[in-house]
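See below for the structure under consideration.
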Amino acid sequence: MLQQTTVPAVIPYYERWLKVFPDIGSLSRASLRKVLREWQGLGYYQRARNLHKAAKTIVREYGGRIPDDECTLGSLPGFGPYTTAAVLSLVYGKPQPVIDANVRRVLMRVLGLRGTAEARVDKTLRAFLETVFSKDSPGDFNQAMMELGALVCRSRNPQCLACPVREFCRAAREGTQEIIPRPRTLGLEKIEAVVAVIEKDGRILIQKRPSRGLLADLWEFPGGKVERGESLVQALRREVREELGAEVEDVRRLTTVHHAYTRFQVTLRAYACKLRDEDFKTGPRRRWVTLNSIRRYPLPSGSVKIVDFLAARR
DNA sequence: AAGCCGGGGAA
DNA sequence: TTCCCAGGCTT
Numbered sequence: 002m003l004q005q006t007t008v009p010a011v012i013p014y015y016e017r018w019l020k021v022f023p024d025i026g027s028l029s030r031a032s033l034r035k036v037l038r039e040w041q042g043l044g045y046y047q048r049a050r051n052l053h054k055a056a057k058t059i060v061r062e063y064g065g066r067i068p069d070d071e072c073t074l075g076s077l078p079g080f081g082p083y084t085t086a087a088v089l090s091l092v093y094g095k096p097q098p099v100i101d102a103n104v105r106r107v108l109m110r111v112l113g114l115r116g117t118a119e120a121r122v123d124k125t126l127r128a129f130l131e132t133v134f135s136k137d138s139p140g141d142f143n144q145a146m147m148e149l150g151a152l153v154c155r156s157r158n159p160q161c162l163a164c165p166v167r168e169f170c171r172a173a174r175e176g177t178q179e180i181i182p183r184p185r186t187l188g189l190e191k192i193e194a195v196v197a198v199i200e201k202d203g204r205i206l207i208q209k210r211p212s213r214g215l216l217a218d219l220w221e222f223p224g225g226k227v228e229r230g231e232s233l234v235q236a237l238r239r240e241v242r243e244e245l246g247a248e249v250e251d252v253r254r255l256t257t258v259h260h261a262y263t264r265f266q267v268t269l270r271a272y273a274c275k276l277r278d279e280d281f282k283t284g285p286r287r288r289w290v291t292l293n294s295i296r297r298y299p300l301p302s303g304s305v306k307i308v309d310f311l312a313a314r315r
């Protein structure tokens, strides 16, 4: 029932099912019509047919006991790699790692594997799993991995700060947890942006983003998207002119950082510079801050990476 | 490797 | 709306 179906959707069906078919024998003796009737509304009806057929085979060929060897179990209808490994580990305690959508997502992020979540990556994942798998408690390990994916390392809004394996996770380190695995449909838009780290008297200029939309009310360095046919420095001069009404000078390359959002991927080119004119608009959304105090402001992850660079340079 | 199979929950 | 879900089977 859980194949490609969420736990909340399954629970009521699961409970009714076990009342009607309390054991393998009762399922094996039931008519297909009754089996399908109990499955009605759950979808993927081939699963019901497979389960029914498997029950018949288990009763007729294996004395009503679910086979405990991989080969026999995997030959039953509906028993693919996941279900076979799940039964062997959860029911029989055998050292079989499972890879379901949760585990696949967790491991793709841990290893920083780009691309969509497909069974194609499973070979790589399985090799890694072998190195961390607990043969003492395979069932617990497998369920823990799946729970981690379902509750923390979620498809959307992963809770990296609460994640017990955060320090081993490449995606969390690189800020790519939102785009690993890559969403199946929409392609990732690539955005090139420039960032002006404007220094004056040992302080740096930051400004507050608009209160609505992307990164609302977060603070960042002046800057913006590079437009077509425009050089990076041209873009830098234009953005500072537009936002601050001032010209820049002493422009020097600082660093390049990458950050991934759900729908686009941005490359930030940071430049150190100074302002030629001092008469630009200050205001409540604009402040000169020291490198130390800047960390008290909420910044987008991309800006934090730039701040980290500046701090490390000291 | 890609298509197909379902319905619902969450954002 | 869009995306995805404790996959498996067929082409």
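Residue 302 in this note's numbering sits at position 301 of the first sequence; the count goes up by one each step and never skips.
Here a beta-carbon is modelled for each residue, glycine too, at the ideal position from N, C-alpha and C.
Every value quoted in this text rests on a predicted model; they were computed, and no experiment measured them.
- Task: Return the CA-CA distance between L114 and P182, expressed in angstroms with no decimal places.
- Result: Cα-Cα distance, rounded: 8 Å.
- Task: With distances taken Cα to Cα, identify the nearest neighbour of A118 among G44, R50, Y298, A102.
- Result: Looking only at G44, R50, Y298, A102, the smallest Cα-Cα distance to A118 is reached by A102.
- Message: With three or more C-beta pairs closer than 8 Å as the rule, is the segment 169-178 touching the segment 246-253?
- Response: As far as the Cβ criterion goes, the segment 246-253 does not touch the segment 169-178, which means the pair count is below three.
- Task: Name the two residues that bound the continuous alpha helix (DSSP H) containing N130.
- Result: A quick correction: the sequence has Leu, not Asn, at residue 130. 123-133 is the extent of the alpha helix (DSSP H) around L130.
- Task: Compare the C-alpha of V198 against each of R167, C154, L276 and name the closest.
- Result: That would be L276, whose Cα lies nearest to the Cα of V198.
- Message: By the three-class DSSP mapping on this structure, what secondary structure does G224 have?
- Response: Strand, per DSSP.
- Query: Thinking just about the alpha-carbon of each residue, which of A312, P165, F281, R171 is nearest to the one in G330?
  - Reply: Any property of residue 330 remains undetermined from this structure, which presents the chain solely from 2 to 315.
- Query: Quick one, are the C-beta atoms of E221 and S304 less than 8 Å apart?
  - Reply: Pairing E221 with S304 gives a Cβ-Cβ distance under 8 Å.
- Message: Per the DSSP calculation, T291 is bridged to which residue(s)?
- Response: DSSP, once it has assigned bridges, lists no residue as partnering T291.
- Task: Flag this pair as yes or no: are the beta carbons of P139 and G94 separated by less than 8 Å?
- Result: In this structure, G94 lies closer than 8 Å to P139 by Cβ.
- Message: Tell me the residue span of the beta strand (DSSP E) that contains I207.
- Response: I207: member of the beta strand (DSSP E) spanning 204-209, first to last residue.
- Quick one: what does DSSP say G246 is sitting in, helix, strand or coil? Here G246 sits in coil by DSSP.
- Task: Report yes if the C-beta distance between I192 and Y298 is below 8 Å; otherwise report no.
- Result: Result no, Cβ atoms of I192 and Y298 do not sit closer than 8 Å.
- Message: Here's the rule: buried if 16 or more other CB atoms are within 10 angstroms of the residue's CB, otherwise exposed. What is S90?
- Response: It counts as buried.
- Query: Any idea if I12 is buried or exposed, counting beta-carbon neighbours within 10 angstroms, 16 or more meaning buried?
  - Reply: The residue is exposed, with fewer than 16 neighbouring Cβ atoms inside 10 Å.
- Does the distance from the C-beta atom of I295 to that of T256 stay below 8 Å? No; because the gap between Cβ atoms is not below 8 Å, this pair is not in contact.
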